[in-house]
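Comments concern the structure below.
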Amino acid sequence: SRPMPEVNIVFNNKLPNSPGKSSVGLLVDFPPNSSTPPHTHAGASVSVYVLKGAVLNKMNDGPTYVIPAGGTFFEAPGCHHVTSDNFSTTEPAQILASMVVDTKIVEEGGLAALVVIDPEYMPSA
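Under the numbering used here, think of the first position of the sequence shown as 6, with each following residue one higher.
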């Protein structure tokens, strides 16, 4: 199995001009050869900037493509993020994901509610 990236919430701000919504930033550090299982983002809109390295990306039924440092992508609400991997087997990669999500989801579920791994990829209880 491949290593998982490390995900940390780096900001979480309630949006006064959008009651009930929050802007949340996730800093995602991908070790070499790391992979995120297929997932969704709890109905959030997600804008992503690749800070370093390059990531391999596939959303819904779209093509698989590489996004280098300085590149961006957008995940619409309900998007199924099928592939989110470090493109390199030897160098790390890092992204900043900025999401607009229901405040209630963040307050009640924290990070686990923001990155919802497909059930078949979850470890057995």
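Beta carbons are placed, not taken as given, at the ideal position from N, Cα and C, and that holds for glycine.
Because the structure is a prediction, the values reported are computed rather than measured.
In the DSSP output, what is residue i paired with across the bridge?
{"i": "Ile133", "result": "What is shown of the chain runs 6 to 130, which leaves residue 133 out entirely."}
{"i": "Leu61", "result": "Val71 and Asp90"}
{"i": "Thr45", "result": "Val121"}
Got a sec? Which residues, its chain only, sit under 7 Å from residue i by beta carbon, not counting five neighbours each side?
{"i": "Pro37", "result": "Asn91, Ser93, Thr94, Thr95, Glu96 and Pro97"}
{"i": "Leu116", "result": "Val12 and Ile14"}
{"i": "Gly75", "result": "Val55"}
Within its chain, find whatever has a CB closer than 6 Å to the CB of residue i; leave out the 5 residues flanking it on each side and keep chain order.
{"i": "Val120", "result": "His44"}
Rounded to the nearest angstrom, how far is the Cβ of residue i from that of residue j, given a contact under 8 Å?
{"i": "Ala59", "j": "Val51", "result": "At roughly 18 Å, the Cβ-Cβ gap does not stay under 8 Å, so Ala59 and Val51 are not in contact."}
{"i": "Val111", "j": "Val29", "result": "6 Å"}
Near residue i, what residues of its chain come up, given a Cβ to Cβ distance below 8 Å and the 5 sequence neighbours on each side ignored?
{"i": "Gln99", "result": "Leu32, Val33, Asp34, Phe35, Val55, Leu56, Lys57 and Gly58"}
Around the Cβ of residue i, are there at least 16 other Cβ atoms within 10 angstroms (buried) or fewer (exposed)?
{"i": "Ala49", "result": "buried"}
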